[in-house]
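Just so it is clear: in the sequence shown, position 35 is 34 by numbering that gives the first Met the number 0, and no numbers are missing.
Everything on this sheet refers to the single structure shown next.
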Amino acid sequence: MAKSCVSRYCVDWFRVICELDDCKYDIQKISESIEIAYTTIHGWKMGTEPRHADGERLIKLWCKVTGKSRKDLPVLDASCWWSYHL
Numbered sequence: 000m001a002k003s004c005v006s007r008y009c010v011d012w013f014r015v016i017c018e019l020d021d022c023k024y025d026i027q028k029i030s031e032s033i034e035i036a037y038t039t040i041h042g043w044k045m046g047t048e049p050r051h052a053d054g055e056r057l058i059k060l061w062c063k064v065t066g067k068s069r070k071d072l073p074v075l076d077a078s079c080w081w082s083y084h085l
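See the structure below:
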């Protein structure tokens with residue numbers, strides 16, 4: 000059987016945004032920092048997947064603000080993402 004090249008885990012955008020909020024970066028401040036519309040970021044928090052380049056901008060901000068490295072990103076198991084956000 001061939002191995003899948005797709006990761007079983009995906010970035011938990013909800014937690015990324017919540018962790019930024021814990022560091023005094025609310026959605027408005029995130030929006031201004033990465034130059035993406037407030038409503039778009041709110042959508043990510045509600046479960047929409049960002050485009051790759053936009054997600055990278057948010058990850059870069061998260062790393063800078065939290066002082067954590069990319070390997071510390073909050074992730075969730077892609078097979079049960081739906082149960083986390085109910």
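All C-beta atoms, glycine included, are put in the ideal place defined by N, C-alpha and C.
Nearest to residue i (by Cα), restricted to the options the options
i: Ala-52; options: Ile-33, Thr-65 and Arg-69; result: Ile-33
i: Val-64; options: Phe-13, Thr-39, Gly-54 and Asp-20; result: Asp-20
i: Trp-12; options: Met-45, Asp-71 and Cys-62; result: Met-45
Outcome for residue i when other beta-carbon atoms lying within 10 angstroms are tallied against a minimum of 16
i: Tyr-8; result: exposed
Residue i (DSSP reduced to helix, strand or coil)
i: Leu-72; result: coil
i: Cys-17; result: helix
i: Tyr-37; result: helix
Residue(s) in a DSSP beta bridge with residue i
i: Cys-62; result: Cys-62 pairs with nothing; no bridge assigned.
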